[in-house]
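Numbering of the sequence shown is given in UniProt numbering, commencing with residue 253 and proceeding in unit increments.
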Amino acid sequence: AGNSTGVASHPRSGESRPRFKGGSLAVSDLDMAYGDVEVLRGVGLTVRPGTVTCIIGPSGSGKSTLLRCLNRLVEPRGGEVLLDGESILTMKPEKLRRRVGMVFQHFNLFPDHTALENVMLALVKIKSMPREEARRIAEARLADVGLASRMHHKPAGLSGGQQQRVAIARALAMDPEVILFDEVTSALDPELVKGVLELMADLGRRGMTMVVVTHEMGFARKVADQVVFMDEGRVVEAGSPAAIFDNPQSPRLKRFLAEVL
Ligand code: ADP
Ligand code: MG
Numbered sequence: 253a254g255n256s257t258g259v260a261s262h263p264r265s266g267e268s269r270p271r272f273k274g275g276s277l278a279v280s281d282l283d284m285a286y287g288d289v290e291v292l293r294g295v296g297l298t299v300r301p302g303t304v305t306c307i308i309g310p311s312g313s314g315k316s317t318l319l320r321c322l323n324r325l326v327e328p329r330g331g332e333v334l335l336d337g338e339s340i341l342t343m344k345p346e347k348l349r350r351r352v353g354m355v356f357q358h359f360n361l362f363p364d365h366t367a368l369e370n371v372m373l374a375l376v377k378i379k380s381m382p383r384e385e386a387r388r389i390a391e392a393r394l395a396d397v398g399l400a401s402r403m404h405h406k407p408a409g410l411s412g413g414q415q416q417r418v419a420i421a422r423a424l425a426m427d428p429e430v431i432l433f434d435e436v437t438s439a440l441d442p443e444l445v446k447g448v449l450e451l452m453a454d455l456g457r458r459g460m461t462m463v464v465v466t467h468e469m470g471f472a473r474k475v476a477d478q479v480v481f482m483d484e485g486r487v488v489e490a491g492s493p494a495a496i497f498d499n500p501q502s503p504r505l506k507r508f509l510a511e512v513l
């Protein structure tokens with residue numbers, strides 16, 4: 253059962269950190285085009301509550317577009333997306349954005365605001381929350397991502413990894429059922445990648461439903477419950493990390509893995 257903070261206490265004793273109550277996604281027959289350019293062609297995907305789905309595939313295969321359809325930053329041309337059984341295509345966008353968070357490659361933080369203000373702003377503006385309550389939640393989420401001591405810094409005073417943690421804290425603060433991650437470590441200096449991936453793995457262990465577009469095959473193999481390989485706007489193969497990485501079926505996936513592994 254959920255509560256107003258969206259985090260339930262952990263069923264096992266000795267685990268003090270809150271657990272999330274992740275939602276489910278069911279995507280079927282999703283079509284999307286930019287003008288005449290077809291980008292998604294009948295994409296189907298099932299994401300169980302509290303699981304991590306990694307989406308892999310070559311550049312231009314439609315991974316980002318799929319994520320953008322899942323919180324309607326772009327409108328699909330056809331198909332259906334159910335969030336906990338409810339169509340997102342008829343949902344008010346503001347409601348959808350509260351329930352499905354997104355973290356981007358380039359953080360998208362406001363440069364003139366501190367980390368704390370960046371997280372608070374979303375709560376005050378999108379959730380119409382009183383500032384004091386927003387501050388309390390923002391402080392807690394920033395502490396969650398290891399930034400308790402940095403919350404009064406502006407983005408320019410933080411490392412790329414810390415900025416990405418702020419963006420993740422901002423997504424968490426909305427108390428979402430699902431978080432979408434689009435290549436969130438691709439712009440980071442190599443030494444900062446591991447910490448952000450560890451934070452994401454931790455969110456997954458705590459029951460957040462996550463859809464993660466990534467080039468980090470090690471992360472996909474270790475953390476994903478499901479790996480989805482896309483090419484040319486289609487899901488070519490989906491399965492467990494072992495099935496996808498150790499026993500690929502299609503020539504296209506074999507070729508892709510030979511290039512990236
Ligand atoms: P990926 O994230 O897998 O690299 P994208 O979803 O970004 O793939 O892009 C899929 C295809 O859609 C590409 O051919 C890309 O050029 C095209 N595309 C992406 N965004 C736009 C846009 N805003 N306008 C027109 N075409 C786009
Ligand atoms: Mg992309």
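All residues carry an ideal CB built from backbone N, CA and C; glycine is no exception. If you're wondering where the values come from, they're calculated on a predicted model, not measured in any experiment.
Endpoints, beta strand (DSSP E) assigned at Thr305: Taking the sequence shown and counting its residues from 1, one reaches residue 305 at position 53. Element bounds for Thr305: Val304 to Ile308.
Helix, strand or coil at Arg300 [DSSP, three-state]: Position 48 of the sequence shown, counting from 1, holds the residue named residue 300. Three-state result, Arg300: coil.
Any non-hydrogen atom of ligand 2 within 7 angstroms of Asp283 CB: Stepping through the sequence shown from its first residue, residue 283 is reached at position 31. For Asp283, the shortest separation between its Cβ and any heavy atom of ligand 2 does not lie below 7 angstroms.
N-terminal and C-terminal residue of the beta strand (DSSP E) that Glu429 is part of: Stepping through the sequence shown from its first residue, residue 429 is reached at position 177. Going by DSSP, Glu429 is part of no beta strand (DSSP E) at all; its letter is neither H nor E.
Distance between beta carbons of Thr317 and Met284, contact taken as under 8 angstroms: For the purposes of this step, residue 284 is taken as residue 32 along the sequence shown, with counting starting at 1. For the purposes of this step, residue 317 is taken as residue 65 along the sequence shown, with counting starting at 1. Their Cβ separation, rounded to whole angstroms, is 6 angstroms, which keeps Met284 and Thr317 in contact under 8 angstroms.
Counted within 10 angstroms of its Cβ, other Cβ atoms place Ala421 as buried (16 or more) or exposed: Your numbering for residue 421 matches position 169 in the sequence shown. Classification for Ala421: buried.
Sub-8 angstroms separation of Pro366 and Met403 beta-carbons: Residue 366 sits at position 114 when you count from the first residue of the sequence shown. Residue 403 sits at position 151 when you count from the first residue of the sequence shown. Position check: residue 366 holds Thr in this sequence, whereas Pro was assumed. Cβ distance < 8 angstroms, so Thr366 and Met403 count as in contact.
Cα-Cα separation, Glu384 to Phe433: Residue 384 sits at position 132 when you count from the first residue of the sequence shown. Residue 433 sits at position 181 when you count from the first residue of the sequence shown. If I take the Cα positions, the gap works out to 29 angstroms.
Inter-stretch contact (C-beta, 8 angstroms, three-pair minimum) for the segment 299-307 and the segment 453-467: Result yes; three or more Cβ-Cβ pairs closer than 8 angstroms.
Local conformation of Ser313 per DSSP, three classes: Translated into positions along the sequence shown, residue 313 becomes position 61. DSSP, reduced to helix, strand and coil, places Ser313 outside both helices and strands of the structure shown, so it counts as coil.
Range covered by the alpha helix (DSSP H) that runs through Arg351: If you number the sequence shown from 1, residue 351 lands on position 99. For Arg351, the enclosing alpha helix (DSSP H) starts and ends at Pro345 to Arg351.
Three-pair Cβ contact test at 8 angstroms for the segment 318-337 versus the segment 489-500: Touching, no.
Delimiting residues of the alpha helix (DSSP H) encompassing Asp336: Stepping through the sequence shown from its first residue, residue 336 is reached at position 84. Careful: Asp336 lies outside any alpha helix (DSSP H) and carries neither H nor E.
Distance, Leu368 Cα to Pro407 Cα: On the sequence shown, position 155 is the one that residue 407 refers to. On the sequence shown, position 116 is the one that residue 368 refers to. Straight-line Cα distance between these residues: approximately 10 angstroms.
Sequence ranges, alpha helix (DSSP H) only - wholly within the segment 454-497, length at least 4: DSSP assignment within the segment 454-497 yields the following whole alpha helix (DSSP H) runs of 4 residues or more, N-terminal first: 469-475.
C-alpha distance - Phe272 paired with Leu361, whole-angstrom precision: As a working mapping, residue 272 is identified with position 20 in the sequence shown. As a working mapping, residue 361 is identified with position 109 in the sequence shown. When only Cα atoms are considered, Phe272 and Leu361 end up about 24 angstroms apart.
Closer than 7 angstroms: Ser316 CB and nearest ligand 2 heavy atom: For the purposes of this step, residue 316 is taken as residue 64 along the sequence shown, with counting starting at 1. Flag set: Cβ of Ser316 near ligand 2.
Alpha carbon of Glu290 to alpha carbon of Val279, nearest angstrom: Numbered from 1 along the sequence shown, position 38 holds the residue referred to as residue 290. Numbered from 1 along the sequence shown, position 27 holds the residue referred to as residue 279. Answer to the nearest angstrom: the Cα atoms are 17 angstroms apart.
Closest Cα partner of Val295 within the set Thr305, Ile307, Leu282 and Asp288: Within the sequence shown, residue 295 is the residue found at index 43, counting from 1. Of the listed residues, the one whose Cα sits closest to Val295 is Leu282.
Own chain, CB closer than 7 angstroms to Ala472, minus 5 neighbours either side, in chain order: For the purposes of this step, residue 472 is identified with residue 220 of the sequence shown, where counting begins at 1. Close CB contacts of Ala472 within its chain, under the 7 angstroms cut and outside five residues either way in sequence, are with Cys306, Ile308, Thr466, Val479 and Pro493 (chain order).
beta-carbon Asp434 near ligand 2 non-hydrogen atom, thresh 7 angstroms: Here residue 434 refers to the residue found at position 182 when the sequence shown is read from its first residue. Answer for Asp434: yes, Cβ within range of ligand 2.
Val289 CB to nearest heavy atom of ligand 1 below 7 angstroms: Here residue 289 is taken as the residue at index 37 of the sequence shown, counted from 1. For ligand 1, at least one heavy atom lies less than 7 angstroms from the Cβ of Val289.
Nearest residue (CA-CA) to Gly330, options Arg293, Arg351, Gly337 and Ala374: In the sequence shown, residue 330 corresponds to position 78, counting from 1. For Gly330, the nearest C-alpha among the options comes from Arg293.
Separation of Asn370 from Asp441, as counted between CA atoms: To locate residue 441, count along the sequence shown from 1; it is residue 189. To locate residue 370, count along the sequence shown from 1; it is residue 118. The straight-line gap from Cα to Cα measures roughly 22 angstroms.
Boundaries of the alpha helix (DSSP H) in which Asp396 is found, first to last residue: For the purposes of this step, residue 396 is taken as the residue at position 144 of the sequence shown. Per DSSP, the continuous alpha helix (DSSP H) segment holding Asp396 begins and ends at Arg383 to Asp396.
Candidates Gly409, Pro428 and Val352: closest to Asp364 by CA position: To locate residue 364, count along the sequence shown from 1; it is residue 112. Of the candidates Gly409, Pro428 and Val352, the one whose C-alpha sits nearest the C-alpha of Asp364 is Gly409.
Heavy atom of ligand 2 within 7 angstroms of Val465 beta-carbon: Residue 465 sits at position 213 when you count from the first residue of the sequence shown. Result yes, Cβ under 7 angstroms from ligand 2.
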